[in-house]
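Everything below concerns the one structure shown next.
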Amino acid sequence: AQSVTQLGSHVSVSEGALVLLRCNYSSSVPPYLFWYVQYPNQGLQLLLKYTSAATLVKGINGFEAEFKKSETSFHLTKPSAHMSDAAEYFCAVSDGGYNKLIFGAGTRLAVHP
Amino acid sequence: SAVISQKPSRDICQRGTSLTIQCQVDSQVTMMFWYRQQPGQSLTLIATANQGSEATYESGFVIDKFPISRPNLTFSTLTVSNMSPEDSSIYLCSVEVGAAEAFFGQGTRLTVV
Chain A
71 AQSVTQLGSH VSVSEGALVL LRCNYSSSVP PYLFWYVQYP NQGLQLLLKY TSAATLVKGI
131 NGFEAEFKKS ETSFHLTKPS AHMSDAAEYF CAVSDGGYNK LIFGAGTRLA VHP
Chain B
-4 SAVISQKPSR DICQRGTSLT IQCQVDSQVT MMFWYRQQPG QSLTLIATAN QGSEATYESG
56 FVIDKFPISR PNLTFSTLTV SNMSPEDSSI YLCSVEVGAA EAFFGQGTRL TVV
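What follows is the structure, encoded as structure tokens:
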């Protein structure tokens, strides 16, 4: 069975600092991996996805993630945090067959001036 | 991409009543998905709805509690039946468009009192 673990339910960074949100997955088949962002009182927006092409995936708003099979990880990074990045971030996995997503518990990112 | 409209955006309901949530997509899609996001938690898939067939429910969710309709390729409804305070959650509709690309509605924030 597939699963996703997000390390750290809350992450706090200073504006301009590196953002690193951790995600590890478990899958018996080559996975598709996703990062979604949820702003307060809104739905989910896709940041980026990995679908077995390039291992370094660039997404919107300056975010990127690297698929590391040996580490079963798909960590999300951004070189310089903005105040507007404060939100909840979800890592998700699917088996690629169809888009039934298994979500991690989420990481709430706070950005301080 | 896909634009998904969910109605209502929020509601406060009395226990024992039922609420039907509508999901409208601006393009024809094969699969539609309904998720639940309980307060402070991640998303859990309730069921997958294909047009012209019965919805497929995930473990822990049953048709009597969450009946789903899928009358055509652009529309679906989810009913939360005989509600209790434990049903207070955000309910999100999602569709698959293209290869492993899921789009989400804004969600319906349900409070049961």
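As they're listed, the protein sequences go chains A and B.
Residue 71 is where the first sequence starts when you use my numbering, and the numbers rise one by one after that.
Residue -4 is where the second sequence starts when you use my numbering, and the numbers rise one by one after that.
For every residue, glycine included, the Cβ atom is placed at its ideal position computed from N, Cα and C.
So for S22/B, helix, strand or coil by DSSP? As a working note, residue 22/B is residue 27 in the second sequence. Of the three classes helix, strand and coil, the one that applies to S22/B here is coil, per DSSP.
From S13/B, D21/B, K60/B, pick the residue whose C-alpha is nearest to that of S0/B; which is it? Here residue 0/B corresponds to residue number 5 of the second sequence, with the count starting at 1. When S13/B, D21/B, K60/B are compared, the shortest CA-CA separation from S0/B is found for D21/B.
Reduced DSSP category for P133/B - H, G, I as helix; E, B as strand; rest coil: Beyond the ends of chain B as shown, which are -4 and 108, falls residue 133/B; an answer cannot be given.
By a C-beta neighbour count over all protein chains shown, 10 Å radius and 16 as the cutoff for buried, is L126/A buried or exposed? Here the question's residue 126/A lines up with position 56 in the first sequence. It counts as exposed.
Going by C-alpha to C-alpha distance, which of N77/B, N67/B, F99/B sits closest to Q23/B? Residue numbering aside, residue 23/B sits at position 28 when the second sequence is read from its first letter. Among N77/B, N67/B, F99/B, the Cα nearest to that of Q23/B belongs to N67/B.
Could you tell me which of A97/B, Q101/B, P3/B, C88/B sits nearest to Y102/A, measuring between CA atoms? Counting from one through the first sequence, the residue named residue 102/A turns up at place 32. Of the candidates A97/B, Q101/B, P3/B, C88/B, A97/B places its Cα closest to the Cα of Y102/A.
If you pair each beta-carbon of the region 23 to 33 of chain B with each one of the region 0 to 11 of chain B, do three or more pairs fall below 8 Å? Under the 8 Å Cβ criterion, the region 23 to 33 of chain B does not count as touching the region 0 to 11 of chain B, having fewer than three qualifying pairs.
With a threshold of 16 other CB atoms inside 10 Å of the CB of H182/A, please say whether the residue is buried or exposed. The residue you call residue 182/A lines up with position 112 of the first sequence. Exposed, by the Cβ-count rule.
On the three-state DSSP scale, how would you describe E85/A? Here residue 85/A corresponds to residue number 15 of the first sequence, with the count starting at 1. In the structure shown, the three-state DSSP call for E85/A is coil.
When you check each C-beta in the region 108 to 120 of chain A against every C-beta of chain B, which residues fall closer than 8 Å? Those residues of the region 108 to 120 of chain A placed with their C-beta closer than 8 Å to a C-beta in chain B are N111, Q112, G113, L114, Q115, L116, K119, ordered along the chain.
So, S79/B versus T72/B, is the Cβ gap smaller than 7 Å? In the second sequence, residue 79/B corresponds to position 84, counting from 1. In the second sequence, residue 72/B corresponds to position 77, counting from 1. Against a cut-off of 7 Å, the Cβ pair of T72/B and S79/B comes out as no contact.
Give the single residue among V107/A, T142/A, A135/A, K170/A whose Cα lies nearest to the Cα of L40/B. For the purposes of this step, residue 40/B is taken as residue 45 along the second sequence, with counting starting at 1. The option with the nearest alpha carbon to L40/B is K170/A.
Report buried or exposed for Q32/B, applying the criterion of at least 16 other Cβ atoms within 10 angstroms of its Cβ. Taking the first residue of the second sequence as position 1, residue 32/B is located at position 37. With 16 or more other Cβ atoms within 10 Å, it is buried.
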